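Colleague: Below you will find the structure I want to go over with you.
Okay, here's the thing in structure tokens:
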């Protein structure tokens with residue numbers, strides 16, 4: 102990672118006191134980017150690290166980064182990263198003094214870890230009571246009420262079955278939110294607007310909760326329509342001190358999972374920020390919390406805020422808080438676990454600049470804003486050459502994105518002195534991010550951060566469905582952008598043709614005719630076919646499109662995955678994703694991949710004689726849109742089904758998805 106810290110932050114983050122002894126060896130019971138994040142701070146603090154891994158993660162980045170690594174089982178998380186007995190055995194064998202845990206096993210793990218207290222094993226995080234209290238959404242809501250924290254109206258007990266869920270939902274009043282008591286990360290959550298959706302939501306939420314957390318208990322509360330999701334980072338020690346480290350805006354979500362986060366929020370005024378911070382600290386003190394934690398709130402348009410949940414772990418989006426405060430939260434967690442008091446007072450906590458984080462996922466954003474994609478990263482290059490960029494990742498070129506784990510590729514963070522600067526750098530970073538081998542959501546992320554509503558700060562948790570009611574379709578080109586893309590693609594085609602005539606910088610055949618200086622091409626883009634004329638002038642091309650001339654300049658390094666092109670003075674960073682001998686090419690332009698076909702005028706005239714392959718009729722086939730596991734089949738051969746009826750349920754990356762019939766027919 103490249104830290105987005107400025108000089109004034111050094112007081113907080115860059116000083117590691119070698120005389121302040123903590124632990125000699127720490128075991129990290131996690132994987133991916135968060136395991137790598139912990140290892141980086143441990144290295145700076147002089148702490149040796151032990152990584153655990155499943156058999157399919159034997160070559161993972163966190164395994165290579167750690168000083169020691171031990172395999173704890175096969176790929177499924179329940180048999181490896183959540184295998185409490187295996188992890189306890191690794192702690193004994195490696196003689197680790199401390200352990201940083203996957204939050205899903207904290208409660209059950211700590212009951213065993215307490216037996217190791219005499220051996221000097223310390224947990225990096227809050228104590229058992231705080232984790233159990235805040236990990237249970239039912240108990241945490243009651244504790245929040247007692248601590249005078251604003252809470253959402255709802256049923257405070259455990260929902261027994263679907264019938265009781267319907268009865269409670271009717272009493273509360275639709276819409277309602279059904280969610281796992283032990284849940285988090287958007288898993289085990291469903292919004293219900295009527296009785297039928299409540300029954301279906303109860304079924305899926307309980308199954309997801311059991312699969313992800315080993316606990317199928319559910320609660321129901323009033324769904325606050327069109328809110329913002331704003332959370333407060335807290336930090337507390339074992340001496341009764343607690344701080345709030347400002348807020349994070351997390352309203353851009355899909356399927357209740359965050360996609361884009363930023364700090365601070367454009368919405369909060371100092372008074373609301375202070376009120377939310379003080380309530381978050383009051384809750385932390387009420388459960389004697391001692392570590393870094395996050396108190397999440399829903400905030401309505403009138404700035405009324407309601408407690409949602411408390412996450413007793415280092416959140417995925419913690420880097421934006423580190424960027425604006427200068428604190429290293431992992432270091433602070435380790436210090437607190439060792440028993441040191443906090444080094445700072447509330448007045449010491451600044452808001453310096455602005456930070457934005459985009460979660461880069463191996464997902465197809467054109468399917469429900471992101472259905473998981475699997476595969477091998479055939480080419481991978483992080484945009485670390487862009488100023489003030491930080492990338493937290495746990496993968497590298499050659500890594501596999503599998504069905505067993507979360508599809509996150511990385512967390513991309515940019516920092517600026519203000520929001521406009523941070524967003525501009527994020528735009529540049531996304532354009533310079535090279536990911537090949539799997540589908541990814543770069544196009545969606547880029548469209549979000551440049552959308553006028555987002556730029557103005559007019560957002561809510563409904564941003565994506567409101568802005569893209571028919572689903573995400575990629576960037577819609579303006580006429581100028583279309584001409585720029587056509588001119589760039591045509592210039593790239595000609596540059597490649599010229600390169601193919603060269604051999605070590607000289608013509609292949611000495612008696613070849615003199616080089617051409619002009620080309621007439623036909624470019625197919627979308628539903629249109631455009632005549633394009635290209636003429637060469639030194640390293641530049643003059644391109645005529647739609648009767649308008651554009652000047653295209655570049656170094657034309659065709660071996661590079663990134664190509665910086667200047668079109669009439671406007672700089673664009675493009676990526677050529679693929680090409681073939683028939684003139685078909687895919688170019689990533691403004692974040693979206695466009696398919697084009699570039700032919701000479703003669704080839705274009707002849708192409709009309711080429712028969713087109715008929716598209717496959719898939720109307721009678723139910724094909725899973727993602728790789729996964731079939732966990733339920735609702736029909737049998739011979740059954741008559743109607744359009745929209747559930748056929749089966751696919752579980753992919755811990756989320757359950759109902760597959761429905763596209764038309765009425767017989768199975």
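In our numbering, the protein residues as written are 102 to 768. From the three backbone atoms N, C-alpha and C, an ideal C-beta is built for every residue, glycine too. Remember, predicted model here, so these are calculated numbers, not experimental data.
Per the contact definition of three or more C-beta pairs closer than 8 Å, is the region 490-510 in contact with the region 145-163?
Modeller: As far as the Cβ criterion goes, the region 145-163 touches the region 490-510, which means the pair count is three or higher.
Colleague: Alpha carbon to alpha carbon, how far is residue 522 from residue 257? Give it in angstroms, no decimals.
Modeller: For the purposes of this step, residue 257 is identified with residue 156 of the chain shown, where counting begins at 1. For the purposes of this step, residue 522 is identified with residue 421 of the chain shown, where counting begins at 1. Approximately 44 Å, taken between the alpha carbons.
Colleague: In this structure, how does DSSP classify residue 125 when only helix, strand and coil are distinguished?
Modeller: The residue labelled residue 125 in the question sits at position 24 within the chain shown. The answer is coil: DSSP assigns residue 125 none of H, G, I, E or B.
Colleague: Among residues of its own chain, excluding the 5 on either side of residue 455, which ones have a beta-carbon nearer than 6 Å to its beta-carbon?
Modeller: On the chain shown, residue 455 is found 354 positions in, with the first residue counted as 1. For residue 455, where only same-chain residues beyond five positions count, the Cβ hits under 6 Å are 517, 519, 520 and 523.
Colleague: Give the range of the alpha helix (DSSP H) segment to which residue 163 is assigned.
Modeller: On the chain shown, position 62 is the one that residue 163 refers to. Here the alpha helix (DSSP H) through residue 163 covers 162-166.
Colleague: Under three-state DSSP, which class holds residue 473?
Modeller: Translated into positions along the chain shown, residue 473 becomes position 372. Strand at residue 473.
Colleague: Does the region 538-552 come into contact with the region 359-373, if we say contact requires no fewer than three beta-carbon pairs (one atom in each stretch) closer than 8 Å?
Modeller: With the cut-off at 8 Å, the region 538-552 and the region 359-373 touch.
Colleague: Over what stretch of residues does the alpha helix (DSSP H) that includes residue 594 continue unbroken?
Modeller: Position 493 of the chain shown, counting from 1, holds the residue named residue 594. Taken as a continuous stretch (DSSP letters only), the alpha helix (DSSP H) holding residue 594 covers 580-601.
Colleague: Taking only runs of the beta strand (DSSP E) that begin and end inside the region 302-379, which ones reach a length of at least 3 residues, in chain order?
Modeller: Qualifying beta strand (DSSP E) stretches, in chain order: 319-323, 329-337, 343-355 and 358-364.
Colleague: Closer than 7 Å by C-beta to residue 219: which residues in its own chain qualify, once you throw out the five before and the five after it? Chain order, please.
Modeller: Position 118 of the chain shown holds residue 219. Residue confidence for residue 219 is low, a pLDDT of 46 falling below 50, so the modelled location carries little weight; the figure read from the coordinates is stated next. If we look at residue 219 and ignore the five residues flanking it on each side, it has no Cβ neighbours.
Colleague: Give the secondary structure of residue 432 by DSSP, where H, G and I count as helix, E and B as strand, and everything else as coil.
Modeller: One-based indexing of the chain shown puts residue 432 at position 331. DSSP places residue 432 in helix when its eight states are reduced to three.
Colleague: For the alpha helix (DSSP H) containing residue 422, name the first residue and the last one.
Modeller: To locate residue 422, count along the chain shown from 1; it is residue 321. Run containing residue 422: 419-426, per the alpha helix (DSSP H) assignment.
Colleague: Label residue 230 either buried or exposed according to how many other C-beta atoms from any shown protein chain fall within 10 Å of its C-beta, with 16 as the threshold for buried.
Modeller: Within the chain shown, numbered from 1, the residue matching residue 230 stands at position 129. Its Cβ having fewer than 16 others within 10 Å, residue 230 is exposed.
Colleague: Within a Cβ cutoff of 7 Å, which residues of the same chain sit near residue 352, ignoring the five residues on either side of it in sequence?
Modeller: In the chain shown, residue 352 corresponds to position 251, counting from 1. Contacts found: 329, 330, 560, 561, 562 and 564.
Colleague: Can you give me the Cβ contacts of residue 93 inside the same chain, cut-off strictly under 6 Å, excluding the 5 residues immediately before and after it?
Modeller: The chain is shown from 102 up to 768; residue 93 falls before or after that span and cannot be answered.
Colleague: Taking the alpha helix (DSSP H) that residue 553 falls in, what are its first and last residues?
Modeller: Taking the chain shown and counting its residues from 1, the one referred to as residue 553 is at position 452. Per DSSP, residue 553 belongs to the alpha helix (DSSP H) from 553-557.
Colleague: What residue range does the alpha helix (DSSP H) around residue 246 cover?
Modeller: Here residue 246 is taken as the residue at index 145 of the chain shown, counted from 1. Element bounds for residue 246: 238-247.
Colleague: Can you grab the Cα-Cα spacing for the pair residue 758 / residue 370, in whole Å?
Modeller: Within the chain shown, numbered from 1, the residue matching residue 758 stands at position 657. Within the chain shown, numbered from 1, the residue matching residue 370 stands at position 269. Spanning the two alpha carbons is a distance of roughly 39 Å.
Colleague: CA-CA distance, residue 467 and residue 451?
Modeller: To locate residue 467, count along the chain shown from 1; it is residue 366. To locate residue 451, count along the chain shown from 1; it is residue 350. Rounded to the nearest angstrom, the two C-alpha atoms are 39 Å apart.
Colleague: Among residues of its own chain, excluding the 5 on either side of residue 325, which ones have a beta-carbon nearer than 6 Å to its beta-carbon?
Modeller: As a working mapping, residue 325 is identified with position 224 in the chain shown. Correct list, in chain order: 399.
Colleague: Per DSSP, which residues does residue 281 bridge with? Please list them.
Modeller: For the purposes of this step, residue 281 is taken as the residue at position 180 of the chain shown. In DSSP, residue 281 forms a bridge with 319.
Colleague: What did DSSP end up calling residue 230 once you bin it into helix, strand or coil?
Modeller: Here the question's residue 230 lines up with position 129 in the chain shown. Residue 230 falls in the helix class under three-state DSSP.
Colleague: Hey, quick one: how far does the alpha helix (DSSP H) through residue 133 stretch, first residue to last?
Modeller: For the purposes of this step, residue 133 is taken as the residue at position 32 of the chain shown. Element bounds for residue 133: 133-146.
Colleague: Where do the N-terminal and C-terminal ends of the alpha helix (DSSP H) with residue 564 fall, by residue?
Modeller: In the chain shown, the residue the question calls residue 564 occupies position 463. Counting along the chain, the alpha helix (DSSP H) containing residue 564 begins and ends at 564-568.
Colleague: Start and end of the beta strand (DSSP E) containing residue 674?
Modeller: Counting from 1 along the chain shown, the entry for residue 674 is found at position 573. Taken as a continuous stretch (DSSP letters only), the beta strand (DSSP E) holding residue 674 covers 671-680.
Colleague: Let's see if you can read the secondary structure: which residues bound the alpha helix (DSSP H) around residue 705?
Modeller: Residue 705 sits at position 604 when you count from the first residue of the chain shown. Per DSSP, residue 705 belongs to the alpha helix (DSSP H) from 702-708.
Colleague: Just verifying my parser: in three-state terms, what is the DSSP assignment at residue 497?
Modeller: Here residue 497 refers to the residue found at position 396 of the chain shown. Three-state result, residue 497: coil.
Colleague: Which class does residue 522 belong to by DSSP, given the choice of helix, strand or coil?
Modeller: As a position in the chain shown, residue 522 is number 421, starting the count at 1. Correct three-state label for residue 522: helix.
Colleague: Would you call residue 449 buried or exposed, if buried means 16 or more other Cβ atoms sit within 10 Å of its Cβ?
Modeller: To locate residue 449, count along the chain shown from 1; it is residue 348. Exposed: under 16 other Cβ atoms inside 10 Å.
Colleague: Near residue 542, what residues of its chain come up, given a Cβ to Cβ distance below 7 Å and the 5 sequence neighbours on each side ignored?
Modeller: Here residue 542 corresponds to residue number 441 of the chain shown, with the count starting at 1. Closer than 7 Å at Cβ, skipping near neighbours: 461, 462, 464, 466 and 471.
Colleague: Exposed or buried, residue 732, counting other C-beta atoms within 10 Å across all chains shown (16 or more means buried)?
Modeller: Sequence index remark: in the chain shown, residue 732 carries index 631 (1-based). Exposed.
Colleague: Are residue 318 and residue 282 closer than 8 Å when you measure CB to CB?
Modeller: Against the chain shown, residue 318 aligns to sequence position 217. Against the chain shown, residue 282 aligns to sequence position 181. In this structure, residue 282 lies closer than 8 Å to residue 318 by Cβ.
Colleague: Quick check on the DSSP output: the alpha helix (DSSP H) that includes residue 187 runs from which residue to which?
Modeller: Your numbering for residue 187 matches position 86 in the chain shown. Residues 185-195.
Colleague: To the nearest angstrom, how far is the alpha carbon of residue 421 from that of residue 383?
Modeller: Along the chain shown, read from residue 1 onward, the residue named residue 421 stands at position 320. Along the chain shown, read from residue 1 onward, the residue named residue 383 stands at position 282. Cα to Cα, residue 421 sits roughly 23 Å from residue 383.
Colleague: Express the C-alpha separation of residue 504 and residue 186 in angstroms, rounding to a whole number.
Modeller: For the purposes of this step, residue 186 is taken as the residue at position 85 of the chain shown. For the purposes of this step, residue 504 is taken as the residue at position 403 of the chain shown. Distance between the alpha carbons of residue 186 and residue 504: 24 Å.
Colleague: How many angstroms separate the CA atom of residue 730 from the CA atom of residue 756?
Modeller: Here residue 730 refers to the residue found at position 629 of the chain shown. Here residue 756 refers to the residue found at position 655 of the chain shown. The straight-line gap from Cα to Cα measures roughly 10 Å.
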